[in-house]
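**Student:** Under my numbering, the first residue of the sequence shown carries the number 6, and numbering increases by one thereafter.
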Amino acid sequence: MTSISDTIAAIATGMNQGGIGVIRVSGSEALAAVDNIFVPKKSGKEVKNLASYTAAYGNVVNPKDNSIVDEVIVLVMKAPSTYTREDVVEIDCHGGMQVMKEILHLLISNNNNKVRLARPGEFTERAFLNGRIDLSQAESVMDLISAKSEIAAKTALSQLKGSLKNKITDIRKELIHNIAFIESALDDPEHYSLEGFPEELKGILNDKLDEINHLIQTADNGKMMREGIHTVILGKPNAGKSSILNVLAGKDRAIVTDVAGTTRDTLEEFVSINGIPLNIIDTAGIRDTDDIVEKIGVDKSIMEMEEADLILYIIDSSVPLDENDKMIMERIKDRQVIILSNKSDLNNVVNEQDIRKYLDHRMIEISAKEQSGFEELYEELNHLFFNDKLSYNDEIFITNERHKAALIIAQSSISNAINSIDDGMPEDFYTIDLMSAYEQLGFIIGESVEDDLVDTIFREFCMGK
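1. So S151 is in the alpha helix (DSSP H); what residue range does that whole segment cover?
2. Can you list, in chain order, the stretches of the beta strand (DSSP E) that have 3 or more residues and sit fully within the segment 299-362?
3. Would you mind working out which of K83, K47, I42 sits nearest D70, comparing C-alpha positions?
4. If I measure Cβ to Cβ from A259 and keep anything under 7 Å in the same chain, skipping five residues before and after, which residues do I get?
5. Hey, could you find the ends of the alpha helix (DSSP H) M430 is sitting in?
6. Below 8 Å CB to CB, which residues in the same chain sit around T236 once its five sequence neighbours on both sides are set aside?
7. Give the secondary structure of N21 by DSSP, where H, G and I count as helix, E and B as strand, and everything else as coil.
8. Would DSSP call F43 helix, strand or coil?
9. In chain order, what residues of the same chain lie with their CB nearer than 8 Å to the CB of D460, ignoring the 5 residues before and after it?
10. How would you write the range of the alpha helix (DSSP H) that F133 sits in, first residue to last?
11. Can you tell me whether DSSP reads Y88 as helix, strand or coil?
12. Could you work out which residue in D212, H196, L206 is closest to G429 when comparing CA atoms only?
13. Which same chain residues, not among the five before or five after G378, have their C-beta less than 7 Å away from its C-beta?
14. Which stretch, first to last residue, makes up the alpha helix (DSSP H) that contains N279?
15. With distances taken Cα to Cα, identify the nearest neighbour of N117 among Y383, A38, M334.
16. How would you write the range of the beta strand (DSSP E) that V79 sits in, first residue to last?
17. To which residues does DSSP link Y62 through a beta bridge?
18. Where I156 and S48 are concerned, what is the direct C-alpha to C-alpha distance, given to the nearest angstrom?
19. Rounded to the nearest angstrom, what separates E130 and K53 at their Cα positions?
20. Do you know how far the Cα of G280 is from the Cα of L386?
21. In angstroms, rounded to a whole number, what distance separates the CA positions of D263 and V324?
22. I need the boundaries of the beta strand (DSSP E) containing H99, first residue and last residue.
23. Pick out whichever of R367, L165, K166, L149 has its Cα sitting closest to the Cα of A158.
24. Assign I181 to one of three DSSP states: helix, strand, or coil.
25. Give the range of the beta strand (DSSP E) segment to which R121 is assigned.
26. Starting from A14, follow its DSSP beta bridges and name the residues at the other end.
27. Quickly, what does DSSP pair D287 with across the bridge? List them, please.
28. Identify whether N251 lies in helix, strand or coil by the three-state DSSP scheme.
29. Just to confirm the assignment, what range does the beta strand (DSSP E) spanning I369 have?
30. Ordered along the chain, which non-local residues of its own chain (more than five positions away) have a Cβ less than 6 Å from that of V44?
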């Protein structure tokens, strides 16, 4: 059985070779454990006698034969002003896997079973359990590590700093204050009056409901920031879809030929354009076909189109619109679309007026061959992402499905309480719904959460974090 009182150690820089490796140790025995294998070169001080947030240069040695394992720098951070609120030591060594594994082995094997290997995410779990961060902040650590774009990183960092925690805490304080007042008034009516209170409470609850509704409404944008905007490149065969994917990706991601129907399956590539995360899907050209394999690809293209947050619709401007174009435009007319009129380097036979008969979306002329017109596309993406449905600013975004689910239940509970007030129900009746909302919001920040959920969340972390 493992315990939060155990001293733990792990490689914090990942199981890959690099210039520098870091072994992290946390717990009451961290200082003594490192002293057992570390010989300082200049300070002469034992690790336990170093001031907090200082470094010492020396060697890690094998206590059995005093052989030098590596030349290292030891960083000492003493409780409670550390990530875990425990004593923490980080050993900065050379980044070879064999060296890091040997140092970790010495820490665990030369300390009389006082140090064990950390579980994935256990350092952050201790930060949560020891009260340094709440559960939403702990989850944002993983989001920050896995962020694929500037916006995803900024959103995670905002939550790590406590933006969501502070908002949820404020709402919960208002709820529990009013629950406590109702219960006090029911227990001691001589000193606390409920006259006129239900209408006053209704106004407060409507304000809090608006705040919760707004958080829920950010969930779609939050998911896009975390996972990327699900962007589908769509068009008929040979319109230049794969060439456009290659330009956006900055590499030859897709095979490009003059043969129509080259792409028969979907290709996926994650790119960040001016900080905007796009999860781009290149699809098979949509047309009627008797080829069984190509037809499967067309069906997958249509399925991706239905699930897309954003469609980049590619038109070959060098040939007239045909029935395939018209069929596609009819399907996407009510979606979020940017029309890319490709092959502007050739003689255009399709103009914007031709497109306007079927689609009323922004059209941009580009040439994948000459890589021209793409700056205008990037500007339009910025416009959509910052100013329209895909907007982003400094507000709080819900990026976690668990948070969204808890908010939806809290939303329902507060709505039920408001309905109870409107129906003239007794005050103790709607405190049940208010307490339900209070508890659901507590699940988000970890104020009321079961141990197995905590274990599940932290198992998703990498080792050493």
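Just so it is clear, CB atoms sit at the ideal spot from N, CA and C, and this is done for glycine as well.
**Tutor:** Reading off the structure:
1. 140-151
2. 315-321, 342-347
3. I42
4. With a pLDDT of 45 at A259, under the threshold of 50, the predicted position of this residue should be treated as unreliable, and no value is reported.
5. Element bounds for M430: n/a, residue is neither H nor E.
6. L283, N284, I285, I286, A313, D314, L315, I316, L317
7. coil
8. strand
9. none
10. 127-134
11. coil
12. L206
13. S349, I369, E370, I371, S372
14. No alpha helix (DSSP H) contains N279, which DSSP labels as neither H nor E.
15. A38
16. 72-82
17. I78
18. 44 Å
19. 25 Å
20. 11 Å
21. Legend: pLDDT at D263 = 44, less than 50; position of this residue unreliable, value from coordinates given subsequently. D263 and V324: Cα-Cα distance of roughly 14 Å.
22. 93-99
23. L149
24. helix
25. 120-122
26. V30, L122
27. I238, L272
28. helix
29. 368-370
30. G63, N64, V66
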